[in-house]
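Quick note: to get the numbering used here, add 3 to the position in the sequence shown (first position is 1). The beta-carbon is built from N, C-alpha and C at its ideal position, and this holds for glycine as well. Take a look at the structure set out below.
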Amino acid sequence: MGRIVGIDYGRKRIGLAVTDPLKIIATPLTTLNPAEFESFMKKYMDSETVDCFVIGYPRELDNSPSESVKDLTPFLTRLKRVFPEIPVHKVDERFTSVIAQKAIIEGGVKKEARKEKGLVDKVSATLILQSYLENSSVKNRLR
């Protein structure tokens, strides 16, 4: 049984999260520089099966694609070209960074630890992935 990888893409950093093998819970994995993503995923997939990627898709309040989609599109194209056998699902990522920052503070993370630049990115990836899991679970129960 494979895992699902959640991706919070940014020009400077990519936050990653993964599911447990039963695809119930999302947990933060790491934060990397975009240039490291491909080699990291290939190495990760040497030991883990990945069933699909779930990537945060930036939208405006009116549901139209946000300006930052222009940065995401080349990454999505490359992701599909490098890993053609793995489906990619887009999930609305509105407010995930704000929610992640709030969760980090409310979770009691010390101020010094909150300075880690990649923390918000991997927590955002976790929120994106958990949202996908919850929505998929509801859809499956309604069938």
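Quick check on DSSP: helix, strand or coil for residue i?
i, result
"F40", "helix"
"R14", "coil"
"K26", "coil"
"P61", "coil"
"I7", "strand"
"P77", "helix"
"T34", "strand"
Flag this pair as yes or no: are the beta carbons of residue i and residue j separated by less than 8 Å?
i, j, result
"D124", "G13", "yes"
"F56", "V91", "yes"
"P31", "T129", "yes"
"V85", "E41", "yes"
"I7", "G59", "no"
"V53", "I89", "yes"
"D11", "S139", "no"
Alpha helix (DSSP H) containing residue i: first to last residue?
i, result
"P68", "Neither: P68 is in no alpha helix (DSSP H) and is coded neither H nor E."
For residue i, collect the residues of the same chain with a Cβ closer than 6 Å to its Cβ; drop the 5 residues on either side in sequence, then sort them by chain order.
i, result
"M2", "Beyond the ends of the chain as shown, which are 4 and 146, falls residue 2; an answer cannot be given."
"P24", "M4"
"L35", "I17, F43"
Alpha carbon to alpha carbon, what distance is there between residue j and residue i?
i, j, result
"T76", "R16", "15 Å"
"S71", "E96", "12 Å"
"L82", "L19", "14 Å"
"A29", "K46", "20 Å"
"T80", "P87", "10 Å"
"S67", "D49", "37 Å"
Within the same chain, show all residues whose beta-carbon is closer than 7 Å to that of residue i, passing over the 5 residues directly before and after it, in chain order.
i, result
"D74", "R14"
"S134", "V94"
"E51", "R6"
"T33", "L19, K125"
Only counting the same chain, and skipping five residues up and downstream in sequence, which positions put a Cβ closer than 8 Å to that of residue i?
i, result
"A38", "none"
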